[in-house]
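Residue numbering for the sequence shown follows my numbering, starting at 8 and increasing by one per position.
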Amino acid sequence: MLALYLAGRRDGRWCRRSGGRACAAAQPAPAASKNPDVKLHLNDELRAAAQLILQDVIDDFAPHIETEIKRRLDARMERLLSQYE
Numbered sequence: 008m009l010a011l012y013l014a015g016r017r018d019g020r021w022c023r024r025s026g027g028r029a030c031a032a033a034q035p036a037p038a039a040s041k042n043p044d045v046k047l048h049l050n051d052e053l054r055a056a057a058q059l060i061l062q063d064v065i066d067d068f069a070p071h072i073e074t075e076i077k078r079r080l081d082a083r084m085e086r087l088l089s090q091y092e
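As structure tokens, then:
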């Protein structure tokens, strides 16, 4: 999913069917975006947006991961304690 947000974008939409790569039939970028400063700025904005999305995903799944870790640790502790009883 992250590759989808970090991939090239030429026509204003992401190309999901191509695995995040730019569409083959994409229109060329406008002349104004050929300026390296503009490209750098857009790259920074895109990466910041991708980081926010990734952080949202992490925040959504963290409680599930924490619960699973606790469950596995409890099971492991029970197995270890049963060996010494």
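The C-beta atom is built at its ideal place from N, Cα and C for all residues, glycine as well.
Local conformation of residue i per DSSP, three classes
i: Glu92; result: coil
i: Asn50; result: helix
i: Cys30; result: With a pLDDT of only 49 at Cys30, under 50, the local geometry of the prediction cannot be trusted, and the value read off the model is given with reservation. Correct three-state label for Cys30: coil.
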